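Here's the structure we're looking at; comments come further down.
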Amino acid sequence: MQLGAFRKSVDEWLDSRGGVLAPAFEGAGTLDQKMAQIASVRRLAFDAGWARWGWPERVGGFGGSTLLRAYLSEAVTARDLVEPGLYSMPEVLSPSVITFARPELAAAMLPPLLRGDEVWCQGFSEPGTGSNLASLTCRAVRVTAGSGRDGWRVTGQKVWTSLSQYAQRCVLLTRTGPAESAHKGITALFVDMNTPGVTIRPIETMDGEQEFSELFFDDVFVPMERTLGAEGQGWALAMDMLPYERSTALWQRSAWLHRRLRELVTVAEPGAIDPAALGEVTELVYAFRARSRATVHRMAAGEQLGAETSIDKVLLATAEQALFDLVAEALPAEVTIGDDPQSERWRAEFLYSRAATIYGGTAEIQRNVIARRLLDLGNDH
Amino acid sequence: MIEGEDLELFRQSLRRATQRHTGAALDAALQDLGWQDALSADTRAAVSLLFELQGSANVISSGLDWVLGSVLGQEGQAVVLPVLGQWNAPGALGDGQLRVRGAGTAALGERETALIVARAGESHVTVEVGTASLARRAVGGIDPALGLAEVTGAVAGSRELGPADWRAAVALGQLALGHELLGASRRMLELAREHALGRIQFGRPISAFQAVRHRLAETLVAIEAADAMLDAAWLDRTPQTAGMAKAAAGRAARVTARHCQQVLAGIGFTAEHPLHRHVRRIMVLEQLLGAARSLTRELGAEILAGRRLPELLPL
């Protein structure tokens, strides 16, 4: 399947099924509503075949270029059918799971994810482990359980775990080496969230959602065959994941930013938007789009992506915050005092944009990566 | 299309030429290399390679005249540029007279004739004039090495060559200047990076200090954003995207100059270090065919007037 033909078919399908695909709620919607909507769009797109293109056949996909799935993400976000950040979760987690999991595990787990029947979450950060991921302490100890099955017993805590209350599975980084083993002693596990001993405490965020949680693991048994890669390969999996998090998982946000910018230009009162500020935001959105487009094309061409994707993340964060700063200036009543669904959506998205320089590696960490890896400036101490 | 090994060879030849020559000597070297033929065969490769290398080496050529001439169907002529900071046509036709107010590159001084695009009512025409009929004032200014001149004149009986697609000429000129700004920016970043790694204070290279590292990281982000915008402009070839790319390159050059000047500190403020030549050059290149600030404001005003955003570059 070529991109051009795929684009045409997907567009026709989306436009003809608009009524079925559209969200049932107005404005921002609750997190429950947004997650139900994403599941619905995924199921319809999977059953129609579109959501299977760009994924390997061995995990239930139809194969073809990763550009195909990038286009589908863009097409559904550009039509405001799904929230782009929540929707992109499989793009972040599954490529590395496909690479590191046993083939049978990946083949069993991917189809329900892509069809929207399941949700996964990412158990990386901990209370004492933010930017310095290699310092994590959630411990996994090898055991033979009562049934005689080999596995791990996990004890510890994770935090900022998005969508964990919806998730059936968790990609979990654990400490399996000695405490001082840093990145060498980390092992990745694929954990069922309904295992006894897993406790979820959602955290309410500034934008009024409970998008992420604290996760507690109290002597949780994880079978050995749920190890992702070999013992000690957790850091390799985390590093493998980062380029996806900053390429196919970011790409669709340019279409979403473009849509919001268009809506802003349409609804703002004449004179409410400063032309210079509008021009600058437009340029930032287009620059992010141009950069991200080149990145997803490089991935599709088989290039190994690396630290240069930190630039994509910086450009996204800059564009997103600049856009919603402009929204706050041009639609002050909506952002500050409006209580109708549209105002609530603008306000929620403004508040969410404040996190763009924090999530997925802070702006400072991205600049550290750029300095060390791209400019080759050596260590910073 | 120039591709693969041919492209790399072409790049290396242009690199040698821009490192050895400037001005008329560089023009002669470009002629030998077939750059002018490449300009029509593979405009993107010819323009992006030459102008980035020219910006990096801080040299001048009549490349911009060739670029504008190629859109106007008159390759090889000197072309009068708009007044600094503007992108409207430098000429106006009316009452049987051509009035000219613009800028000329170094090439203009060496030719007997020059092209001027002039407004004639609602449209544009290309006019050929004898350079003797124009008043030229050599510009010293912030960057005397650029060899610019202010050009004015009121010419009767000039030769009209036909309608001109001025917007397309400006767009291609903006891409060329964007690449030249990008080349200069990348060179300034190299200079600052080398300095940061070699300069020892408090017992370690200043590149170990996060304040320095983040300035240079910020610089690279600005440069790569401009690079991506230039790529996008070559793909969609709309005048609006070319303007955005020129604005991004101009802004990136200003950001680069500011951060690199700070990292290079005392030595970068001297006339002994090469940084100042790039700082001077980008200040003028920024103004040619529209500075970032005015292009950006114009883009915003156009969007508000039509309540319509430019198309997104498709995947």
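Chains G and L, in that order, give the protein sequences. The first sequence lines up with residues 4 to 384 when you count with my numbering. The second sequence lines up with residues 2 to 316 when you count with my numbering. Idealized CB from N, CA, C, for every residue including glycine. Keep in mind the model is a prediction, meaning the values are calculated, not measured.
Proximity below 9 Å, CB of R308 (chain L) to CB of V330 (chain G): no
With a threshold of 9 Å between beta carbons, is R194 (chain L) in contact with chain G? yes
With a cut-off of 9 Å, does the C-beta of E299 (chain L) fall near any C-beta of chain G? yes
Look up D153 (chain G) in the DSSP assignment and say whether it is helix, strand or coil. strand
Near-chain L residues of the stretch 90-111 of chain G (beta-carbon distance less than 8 Å), N- to C-terminal order: none
First and last residue of the alpha helix (DSSP H) that includes D221 (chain G)? Counting along the chain, D221 (chain G) falls outside any alpha helix (DSSP H), though it belongs to the beta strand (DSSP E) covering 215-226.
Considering only C-alpha positions, which residue in the set G:R142, G:Q168, G:F220 is nearest to D35 (chain G)? G:Q168
Pick helix, strand or coil for P93 (chain G), following the three-state DSSP scheme. helix
In chain order, what residues of the same chain have a beta carbon less than 6 Å from the beta carbon of L82 (chain L), not counting five sequence neighbours either side? G103, A104
Just the Cα atoms here: how many angstroms apart are E77 (chain G) and G235 (chain G)? 36 Å
Using alpha carbons as the reference points, say which of G:H261, G:G363, G:F220 lies closest to R178 (chain G). G:F220
Name, in chain order, the residues that DSSP records as bridge partners for A78 (chain G). BP columns for A78 (chain G) are empty, so no partner.
Return no unless some Cβ of chain G is closer than 9 Å to the Cβ of Q211 (chain L). yes
Considering H186 (chain G), what are the terminal residues of the beta strand (DSSP E) in which it resides? H186 (chain G) -> no beta strand (DSSP E), and no H or E assigned at all.
Please state the DSSP three-state secondary structure of G105 (chain L). strand
If you compare alpha carbons, which of G:E311, G:E337, G:Q345 is closest to E379 (chain G)? Contrary to the premise, residue 379 (chain G) reads as Asp rather than Glu in this sequence. For D379 (chain G), the nearest C-alpha among the options comes from G:E311.
Hey, quick one: how far does the alpha helix (DSSP H) through S3 (chain G) stretch, first residue to last? Residue coverage of chain G in this structure runs from 4 to 384, which leaves residue 3 (chain G) outside it and unanswerable.
Does any C-beta atom of chain G lie closer than 9 Å to the C-beta of L265 (chain L)? no
Using a threshold of 9 Å, state whether the C-beta atoms of V122 (chain G) and M92 (chain G) are closer than that. yes
Endpoints, alpha helix (DSSP H) assigned at R376 (chain G): Element bounds for R376 (chain G): n/a, residue is neither H nor E.
Given a threshold of 16 other Cβ atoms within 10 Å of its Cβ, counted over all protein chains shown, does L10 (chain L) qualify as buried or as exposed? exposed
Do the stretch 273-288 of chain G and the stretch 299-317 of chain G touch if we need at least three Cβ pairs shorter than 8 Å? no
Could you name the residues of the same chain whose beta carbon sits closer than 8 Å to that of A191 (chain G), not counting the 5 residues immediately before and after it, in chain order? F103, V174, L175, L176, T177, T230, L231, G232, Q236, G237, L240, A241
Residue range of the alpha helix (DSSP H) that I117 (chain L) falls in? No alpha helix (DSSP H) holds I117 (chain L); the beta strand (DSSP E) holding it covers 114-121.
Note down, in chain order, each residue of its chain lying with its Cβ closer than 8 Å to the Cβ of D50 (chain G), except the 5 sequence neighbours on either side. R118
What are the residues of the stretch 303-336 of chain G that lie near chain L, defined by any Cβ-Cβ distance shorter than 7 Å? I314, V317, L318
Candidates G:V201, G:A333, G:G381, G:T140: closest to G188 (chain G) by CA position: G:T140
Any C-beta of chain L sitting closer than 9 Å to the C-beta of G364 (chain G)? no
Identity of the residue in L:L313, L:L192, L:A146 nearest M245 (chain L) by Cα: L:L313
Rounded to a whole number of angstroms, what is the C-alpha to C-alpha distance between S295 (chain G) and I340 (chain G)? 35 Å
Counting only C-beta atoms, is D232 (chain L) closer than 9 Å to chain G at any point? yes
Could you name the residues that DSSP lists as bridge partners for W56 (chain G)? G:G66
Considering only their Cβ atoms, is the gap separating H300 (chain G) from L75 (chain G) smaller than 9 Å? no
Would you tell me roughly how many angstroms separate the C-alpha atoms of G32 (chain G) and N89 (chain L), rounded to the nearest one? 48 Å
Secondary structure of H125 (chain L), DSSP reduced to three states: strand
Taking Cβ-Cβ distances shorter than 9 Å, what residues in chain L pair up with G381 (chain G)? L198, P206, S208, A209
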